Amino acid sequence: MKKEDKPFVFRGKYFFLVVFIGYAVLFFAGSEKAIPAMQKSGDILTKILPILVIVILLTAMLNYFLRPQQIVKHLGHESGAKAWLWSLAAGVISHGPMYAWYPLLEDLRRHGMRDGLIVVFFASRTIKIPLLPIMIDYFGWTFTLVVSLYILISALVQGLFLEMLEN
Amino acid sequence: MAPMLLGVVGLVGLFQVLVTPRMLTSLFRDNPLLDILVGTLAGAIGSGNPVVSYVIGGEMLGQGVSLYAVSALILAWVTLGFTQLPAEVEVFGPRFTLYRNMLAFFFTMLIAVLTTLTVQVLL
């Protein structure tokens, strides 16, 4: 069975098992960290739940409205500069942790999205628009503007480099 | 995908409790070049909302740690992550994950250097 054909719901069960065993070891070793860690995980899950719902809805809409040929045309190897800029913008405006976006990106990739665009998306996520005021407050305007500019440029360069490495 | 996401969330929760901001801050010395590397690794180990990295970075600057290291930490906090590596390998494959993380690691350090030098020139 090819990797792409694996049943969706069973992905990562061994990884989950290892994490679960980690918690069990901590708990039975009498560590006071197990319960707070579980509470933290619960908090994180509550926070990312709305993002996961958006990602699932986006994935479902994508599968319903877009044919694989259309995805290949707009995000595939024949796509132009517009695709790179869209990935850059999508990365900047996307919320939540990186792993919350894995299902959507995996789906797009399976339908032909080029790897360089995925790297651009991940790299540009370092800019968090809602957090910019906090960054300015901590590090100042100059730092925030300069670092944001370098992040955008380097995201595109990383995408291009990845495709060079893969070919 | 659900077990994988739950695994990542569980691991992030574990890291947030086991790896404290004080532990991360204590890793830095007075060597800017070494501190960039340490900042990048500390950012990759750290997990949680990026605001946490801003707070740690602010504390570090107050304690005299270089802007090189602080920049590296807050950049690596988002683009690199040990806790999400198993899931990334599972979803995108080992080759893509290796290349992406190598590039993110190198560019985190490069942006940290360029940003600090540019800020020093501008201010």
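Protein sequence lines, in the order shown, are assigned to chains A and B.
Each number in our numbering comes from the position in the first sequence (counting from 1) with 11 added on.
Each number in our numbering comes from the position in the second sequence (counting from 1) with 226 added on.
The beta carbon of each residue, even a glycine, is placed where N, CA and C say it ideally should be.
Values in this document were obtained by computation on a predicted structure and should not be read as measured data.
Residue from the options with nearest C-alpha to residue i
{"i": "Leu-340(B)", "options": "Leu-171(A), Leu-86(A), His-88(A), Leu-160(A)", "result": "Leu-160(A)"}
{"i": "Ala-71(A)", "options": "Val-103(A), Gly-102(A), Asp-118(A)", "result": "Asp-118(A)"}
{"i": "Phe-132(A)", "options": "Pro-108(A), Thr-155(A), Tyr-149(A), His-122(A)", "result": "Pro-108(A)"}
{"i": "Leu-176(A)", "options": "Asp-126(A), Gly-33(A), Lys-84(A)", "result": "Asp-126(A)"}
{"i": "Ser-273(B)", "options": "Ser-297(B), Phe-308(B), Ala-298(B)", "result": "Phe-308(B)"}
{"i": "Val-235(B)", "options": "Gly-41(A), Ala-35(A), Thr-57(A)", "result": "Thr-57(A)"}
{"i": "Ile-65(A)", "options": "Ala-111(A), Ala-166(A), Ala-134(A), Ala-40(A)", "result": "Ala-111(A)"}
{"i": "Gly-265(B)", "options": "Phe-332(B), Thr-251(B), Thr-305(B), Ala-295(B)", "result": "Ala-295(B)"}
{"i": "Tyr-25(A)", "options": "Leu-240(B), Pro-247(B), Leu-232(B)", "result": "Leu-232(B)"}
CB contact check: residue i to chain A, cutoff 8 angstroms
{"i": "Ser-297(B)", "result": "yes"}
{"i": "Val-345(B)", "result": "yes"}
{"i": "Ile-271(B)", "result": "no"}
Within chain A, the residues that residue i reaches when beta carbons sit closer than 7 angstroms
{"i": "Gln-242(B)", "result": "Lys-51"}
Euclidean distance between Cα positions of residue i and residue j
{"i": "Glu-386(B)", "j": "Pro-320(B)", "result": "Given that chain B is displayed from residue 227 to residue 349, the structure contains no residue 386(B) and the question cannot be resolved."}
{"i": "Glu-15(A)", "j": "Met-146(A)", "result": "Residue placement at Glu-15(A) is poorly supported in this model, since its pLDDT is 44, which falls under 50; the coordinates are not used for a value here."}
{"i": "Val-238(B)", "j": "Val-345(B)", "result": "33 angstroms"}
{"i": "Leu-173(A)", "j": "Asp-256(B)", "result": "34 angstroms"}
{"i": "Leu-163(A)", "j": "Val-130(A)", "result": "12 angstroms"}
{"i": "Arg-121(A)", "j": "Tyr-280(B)", "result": "36 angstroms"}
{"i": "Ser-292(B)", "j": "Pro-258(B)", "result": "6 angstroms"}
{"i": "Ser-105(A)", "j": "Arg-136(A)", "result": "7 angstroms"}
{"i": "Leu-68(A)", "j": "Leu-28(A)", "result": "28 angstroms"}
Within chain B, partners of residue i - CB distance below 9 angstroms
{"i": "Ala-71(A)", "result": "Chain B residues near Ala-71(A): none, gap ~13 angstroms exceeds 9 angstroms."}
{"i": "Asp-126(A)", "result": "Phe-318, Phe-322, Tyr-325, Arg-326"}
Terminal residues of the alpha helix (DSSP H) in which residue i lies
{"i": "Met-350(B)", "result": "Nothing about residue 350(B) can be read from this structure; chain B reaches only from 227 to 349."}
{"i": "Gln-242(B)", "result": "228 to 244"}
{"i": "Pro-144(A)", "result": "143 to 177"}
{"i": "Asp-54(A)", "result": "45 to 76"}
{"i": "Glu-89(A)", "result": "Premise fails: Glu-89(A) is in no alpha helix (DSSP H) and is neither H nor E."}
{"i": "Phe-31(A)", "result": "24 to 39"}
{"i": "Ala-302(B)", "result": "293 to 305"}
{"i": "Leu-253(B)", "result": "It is not in any alpha helix (DSSP H) - Leu-253(B) carries neither H nor E in the DSSP assignment."}
{"i": "Tyr-325(B)", "result": "320 to 348"}
{"i": "Gly-269(B)", "result": "258 to 271"}
8 angstroms Cβ cut-off: residues of chain A touching residue i
{"i": "Ala-330(B)", "result": "Phe-133, Ala-134, Gln-169"}
{"i": "Val-291(B)", "result": "Here the premise fails: no neighbours, minimum Cβ distance about 13 angstroms."}
{"i": "Gly-283(B)", "result": "Tyr-149, Phe-150"}
8 angstroms Cβ cutoff, residue i in contact with chain B
{"i": "Phe-165(A)", "result": "The sequence given here has Ser at residue 165(A), not Phe. Ser-165(A) counts as touching chain B."}
{"i": "Lys-84(A)", "result": "no"}
{"i": "Val-103(A)", "result": "no"}
{"i": "Gly-123(A)", "result": "no"}
{"i": "Glu-117(A)", "result": "yes"}
{"i": "Thr-137(A)", "result": "yes"}
{"i": "Thr-57(A)", "result": "no"}
{"i": "Val-158(A)", "result": "yes"}
{"i": "Phe-26(A)", "result": "yes"}
{"i": "Val-36(A)", "result": "no"}
{"i": "Leu-176(A)", "result": "yes"}
Chain B contact residues for residue i, given Cβ-Cβ distances below 7 angstroms
{"i": "Pro-47(A)", "result": "Val-243"}
Chain-ordered neighbours of residue i on chain A, where CB pairs are closer than 9 angstroms
{"i": "Tyr-294(B)", "result": "Within chain A, no residue comes near Tyr-294(B); the closest Cβ sits about 12 angstroms away, beyond 9 angstroms."}
{"i": "Ala-268(B)", "result": "Going along chain A, no residue has its Cβ under 9 angstroms from Ala-268(B), so there is no contact; the nearest lies around 16 angstroms."}
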